[in-house]
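Read the structure below first, then the notes.
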Amino acid sequence: MLSSYEDKLNILSFSHTELSEIVASLGEKPFRGRQIFGWLAKGVETFEEMTNLPSRLIKSLKEHYFIGLPDVEKTQKSKDGTIKCLYEFDDAVRVEAVFMKYSYGNSLCISSQAGCKMGCTFCASTMNGLERSLTSGEMLGQVLKMVKITGEDIRHIVVMGMGEPFDNYDELSKFLKLIHDENGYGIGYRNITVSTCGIIPAINRFAEDFPQVNLAISLHASNDEVRRKLMPIASIYKFDDLIDVSKSYTVKTGRRITFEYSLIKGVNDSVEDAERLAKYLKGWLAHVNLIPLNKVKERKYEATGENTIRTFKEILEIRGIPVTIRRTLGNDIDAACGQLRRGR
Ligand code: SAH
109 MLSSYEDKLN
119 ILSFSHTELS
129 EIVASLGEKP
139 FRGRQIFGWL
149 AKGVETFEEM
159 TNLPSRLIKS
169 LKEHYFIGLP
179 DVEKTQKSKD
189 GTIKCLYEFD
199 DAVRVEAVFM
209 KYSYGNSLCI
219 SSQAGCKMGC
229 TFCASTMNGL
239 ERSLTSGEML
249 GQVLKMVKIT
259 GEDIRHIVVM
269 GMGEPFDNYD
279 ELSKFLKLIH
289 DENGYGIGYR
299 NITVSTCGII
309 PAINRFAEDF
319 PQVNLAISLH
329 ASNDEVRRKL
339 MPIASIYKFD
349 DLIDVSKSYT
359 VKTGRRITFE
369 YSLIKGVNDS
379 VEDAERLAKY
389 LKGWLAHVNL
399 IPLNKVKERK
409 YEATGENTIR
419 TFKEILEIRG
429 IPVTIRRTLG
439 NDIDAACGQL
449 RRGR
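Sequential numbering of the sequence shown, starting at 109, is according to our numbering.
Pasting the structure below:
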């Protein structure tokens with residue numbers, strides 16, 4: 109699927125080889141394709157900025173294509189340096205992306221869909237359902253535009269914004285190839301993380317297609333009963349099966365999996381929960397990232413208190429499970445995990 113604007117195609121969705129074929133079909137030398145791809149990665153907004161292209165090529169490109177960088181509807185800056193952007197695409201669809209500064213470098217959290225149909229009961233992104241999936245070019249556009257706005261280099265990408273990336277697998281995989289391509293922006297696969305609510309067939313496919321890209325799985329529970337309360341997807345894919353497929357992912361790829369676990373007061377934060385979780389994750393390449401629940405005002409859930417978080421973490425640690433607590437960035441501007449929306 110390509111988004112179109114006045115019947116034109118978003119040129120950001122094409123790989124450099126596809127662009128070479130396109131220019132060849134327009135009677136130009138194929139190497140022009142790589143030149144165009146390089147210009148796009150620099151964030152140019154018009155074809156005229158591609159100064160080493162012949163003007164007849166610029167003219168034919170303009171007839172058929174547009175450069176689909178999103179418009180910026182709103183920018184919010186947090187006290188901690190986090191920047192949240194509300195983007196709008198050519199058909200008025202809006203998504204948010206979040207720029208974060210870490211000691212290891214700058215990271216961008218991008219959206220893979222406008223809205224989400226997964227229905228997790230503690231997340232803001234799913235509240236009005238799925239509007240539409242984003243194209244690969246629209247995912248790339250979120251990165252290129254943020255580089256422009258901030259003037260900063262972005263070397264890490266997390267696909268953890270709005271949407272379920274594995275519900276949009278084909279466009280996600282095109283995006284991963286586009287952003288990785290050294291002829292373009294060139295981000296290493298190991299600097300990219302994709303987070304899923306646990307769509308089992310896609311996890312298997314991802315292990316084959318992108319063994320170098322980091323995988324995070326939103327677990328949020330240590331059994332089916334609690335997981336089903338929080339995540340409707342748990343009624344389709346059983347907890348035990350998710351654990352089994354995760355184990356085989358680590359065997360196949362040699363890479364660890366990060367399990368995201370948002371701690372929700374009185375729901376999934378008991379000592380028994382921690383012990384059960386440790387039992388499932390013991391002895392293989394599993395890592396737990398505890399996320400203190402971020403407040404979503406329409407949702408009834410409360411965050412677990414600091415002491416209980418610490419106890420939960422210690423129980424996992426004592427049992428040999430690697431665990432970190434996710435630093436909450438940008439929650440003063442509703443830019444933290446689960447707080448992204450389609451705009452307001
Ligand atoms: N759909 C994907 C990508 C979303 S990533 C997925 O489910 O993994 C966003 C992460 O934040 C997920 O782990 C999600 O479960 C978590 N999250 C959602 N709402 C949250 C909230 N209110 N507080 C903390 N984490 C939340």
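Glycine is no exception: its CB is placed at the ideal position from the N, C-alpha and C atoms.
Fair warning: this is a prediction, and the values are worked out from it, not measured in the lab.
Taking just the CA atoms, how far does I218 sit from D179?
One-based indexing of the sequence shown puts residue 179 at position 71. One-based indexing of the sequence shown puts residue 218 at position 110. Their backbone Cα atoms lie some 15 Å apart in a straight line.
Thinking just about the alpha-carbon of each residue, which of L371, I417 and S354 is nearest to the one in L393?
In the sequence shown, the residue the question calls residue 393 occupies position 285. Ranking the options by Cα distance to L393, first place goes to S354.
What first and last residue would you give for the alpha helix (DSSP H) that runs through E181?
The residue labelled residue 181 in the question sits at position 73 within the sequence shown. Unbroken run through E181 is the beta strand (DSSP E), D179 to K185; no alpha helix (DSSP H).
Leaving out five residues on either side along the sequence, give the residues of the same chain with a beta carbon under 6 Å from the beta carbon of A149.
Residue numbering aside, residue 149 sits at position 41 when the sequence shown is read from its first letter. Around A149: G292 and Y293.
Give the straight-line distance between the Cα atoms of F230 and E129, rounded to the nearest whole angstrom.
Mapped onto the sequence shown, residue 230 falls at position 122. Mapped onto the sequence shown, residue 129 falls at position 21. For F230 and E129, the distance between alpha carbons rounds to 46 Å.
Hey, quick one: how far does the alpha helix (DSSP H) through I341 stretch, first residue to last?
Start at 1 with the first residue of the sequence shown, and residue 341 comes out as number 233. Where I341 is concerned, there is no enclosing alpha helix (DSSP H), given that its DSSP letter is neither H nor E.
Under the DSSP definition of a beta bridge, which residues are partnered with K285?
Locating residue 285 in the sequence shown gives position 177, counting from the first residue. Paired residue(s): none; K285 is not in a bridge.
Going by the DSSP bridge assignment, what does V302 pair with across the sheet?
For the purposes of this step, residue 302 is taken as residue 194 along the sequence shown, with counting starting at 1. V267 and L323.
In three-state DSSP terms, what is G223?
What you label residue 223 is simply residue 115 of the sequence shown in a count that begins at 1. In this structure, G223 counts as strand in the three-state DSSP scheme.
Where do the N-terminal and C-terminal ends of the beta strand (DSSP E) with G213 fall, by residue?
Numbered from its first residue, the sequence shown carries residue 213 at position 105. Start and end: G213 to C217.
Report the rounded CA-to-CA distance for T432 versus L216, giving the unit in angstroms.
Position 324 of the sequence shown, counting from 1, holds the residue named residue 432. Position 108 of the sequence shown, counting from 1, holds the residue named residue 216. Using only the alpha carbons, I get a separation of about 20 Å.
Starting from T366, follow its DSSP beta bridges and name the residues at the other end.
Taking the sequence shown and counting its residues from 1, one reaches residue 366 at position 258. T366 pairs with A324 and H395.
Out of curiosity, what's the CA-to-CA distance linking M339 and F420?
The residue given as residue 339 occupies position 231 in the sequence shown. The residue given as residue 420 occupies position 312 in the sequence shown. Near 21 Å, if we compare the C-alpha coordinates of F420 and M339.
Going by alpha carbons, who is nearest to K49 out of L252, H264, E156 and F318?
In this structure the chain extends from 109 to 452, so residue 49 is not present and cannot be described.
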